[in-house]
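In the UniProt record's numbering, the protein residues as written are 1 to 363. Glycine is no exception: its CB is placed at the ideal position from the N, C-alpha and C atoms. For reference, the structure is listed below as structure tokens.
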Amino acid sequence: MPQTAIPFHFFRGGTSRGPYFRREDLPEDSETLARVLVAAVGSGHKLNIDGIGGGAAVTTKVAMLSRSDTNDCDIDYFFAQVSVEDRLVDFKPTCGNILSGVGPAALEMGLIAPQGEVTRVRIRSVNTGAKVEAVVRTPGGQVDYAGEAAIDGVPGTAAPIYLNFMDVVGSATGALLPTGALRDMIDGIEVTCMDVAMPIAIARATDFGLSGYETVEDLDANRDFYARMEPIRREAGRRMGLGDVSQSVTPKFALLAPPRNGGTICARYFMPWNCHPTMAVTGAQCLASCVLTPGTVAEGLFYPPEGTPALVLIEHPGGAIDVTVDYETGPAGFTLKSAGLLRTARLLARGELMVPEAVWSGK
Numbered sequence: 001m002p003q004t005a006i007p008f009h010f011f012r013g014g015t016s017r018g019p020y021f022r023r024e025d026l027p028e029d030s031e032t033l034a035r036v037l038v039a040a041v042g043s044g045h046k047l048n049i050d051g052i053g054g055g056a057a058v059t060t061k062v063a064m065l066s067r068s069d070t071n072d073c074d075i076d077y078f079f080a081q082v083s084v085e086d087r088l089v090d091f092k093p094t095c096g097n098i099l100s101g102v103g104p105a106a107l108e109m110g111l112i113a114p115q116g117e118v119t120r121v122r123i124r125s126v127n128t129g130a131k132v133e134a135v136v137r138t139p140g141g142q143v144d145y146a147g148e149a150a151i152d153g154v155p156g157t158a159a160p161i162y163l164n165f166m167d168v169v170g171s172a173t174g175a176l177l178p179t180g181a182l183r184d185m186i187d188g189i190e191v192t193c194m195d196v197a198m199p200i201a202i203a204r205a206t207d208f209g210l211s212g213y214e215t216v217e218d219l220d221a222n223r224d225f226y227a228r229m230e231p232i233r234r235e236a237g238r239r240m241g242l243g244d245v246s247q248s249v250t251p252k253f254a255l256l257a258p259p260r261n262g263g264t265i266c267a268r269y270f271m272p273w274n275c276h277p278t279m280a281v282t283g284a285q286c287l288a289s290c291v292l293t294p295g296t297v298a299e300g301l302f303y304p305p306e307g308t309p310a311l312v313l314i315e316h317p318g319g320a321i322d323v324t325v326d327y328e329t330g331p332a333g334f335t336l337k338s339a340g341l342l343r344t345a346r347l348l349a350r351g352e353l354m355v356p357e358a359v360w361s362g363k
């Protein structure tokens, strides 16, 4: 069977990985694009045996890059979450871990020129409109992948990539609290519905009869929890103005518990039909904002960090992630100025990814 070759770079970005494409090398219309991405990843099989996915939601992610036509950004980043088994593609969310690789990928693809020892790449999220500055080491005009930075969930160390997120409040819904309330009661569970970088329905682990310290494996084996959680997530999505979210990965869901390893709070983050092995970058920003906003379900679970910018350390199944939040509180409530995180990325492979020609043509 004839196949179509698509140039690609294969990156680990933060604690996720996937193919990075030039947007111009892919189909324009979303229906054909979805078919191509399903074939590229190998969605439809739990091991993604006929594609380059890794059999987990964190390894079936796709980044599509192009030069931005806006004056204040260099690169447009279009994200797609491909399902592992259901042959579905969701273009609504974004991914901060995959975003960690956007700066290096844009440089490797020649979409932006290196600026010296350090290159600042201004990125616009096509999915949400958020703007992020990525600071990438480029000694001698080449992306540096070796360094001393370590992030939980990734073995070893690598060169640091600093991400500074702006304009992320209400990224999907237009409001910090899209339901208009600090807490909603849904099916007997108190939930904070918040939208910072990623809309999330946030609850206390104890309200589900959980400790909040369960392993990923224990949570994913607990199908009674998912059966209880999913209707709440769907109703939260409806109340947040997202419509029918039964086939969408947004809003995400998260459980909070008091910290037990010196952090600010402990969290389990759901993608939403399985538990994240670590923590999403976008999710971390939203959870940090939840912690810093008085009156949410996080209240009483932690000792508030002092001053601003505040360092919020979120414990997760693979360790911890820290978010530096510059914010204000006043009569209008919580106002987020920016959120900064340190991530790493590494180029794993590059070349051509093959998909059956019939997938592209639709014949």
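Under the three-state reduction of DSSP output, residue 139 falls in the helix class. According to the DSSP assignment, residue 312 belongs to the beta strand (DSSP E) that extends over 310-316. For residue 361, the enclosing alpha helix (DSSP H) stretches over residues 357-361. Residue 285 is bridged by DSSP to nothing; it lacks a bridge partner. Note that the C-beta distance between residue 145 and residue 340 is not below 8 Å. Residue 281 counts as buried, since no fewer than 16 other beta carbons sit within 10 angstroms of its beta carbon. Just measuring C-alpha positions, the residue of 291, 84, 64 sitting nearest residue 75 is 64.
Just so you know, the alpha carbons of residue 294 and residue 330 end up roughly 11 Å apart. Considering only 40, 11, 15, the residue with the shortest C-alpha distance to residue 359 is 40. According to DSSP, residue pairing for residue 195 in a beta bridge involves 199. For residue 338, the secondary structure class from DSSP, reduced to helix, strand or coil, is strand. Taking 8 Å as the cut-off, the Cβ atoms of residue 228 and residue 251 do not count as close. The stretch 276-290 makes no contact with the stretch 68-83: fewer than 3 CB pairs, one atom from each, lie closer than 8 Å. Counted as a single uninterrupted DSSP element, the alpha helix (DSSP H) harbouring residue 31 occupies residues 30-41. Per DSSP, residue 221 is not a residue of any beta strand (DSSP E); the alpha helix (DSSP H) it occupies stretches across 216-221.
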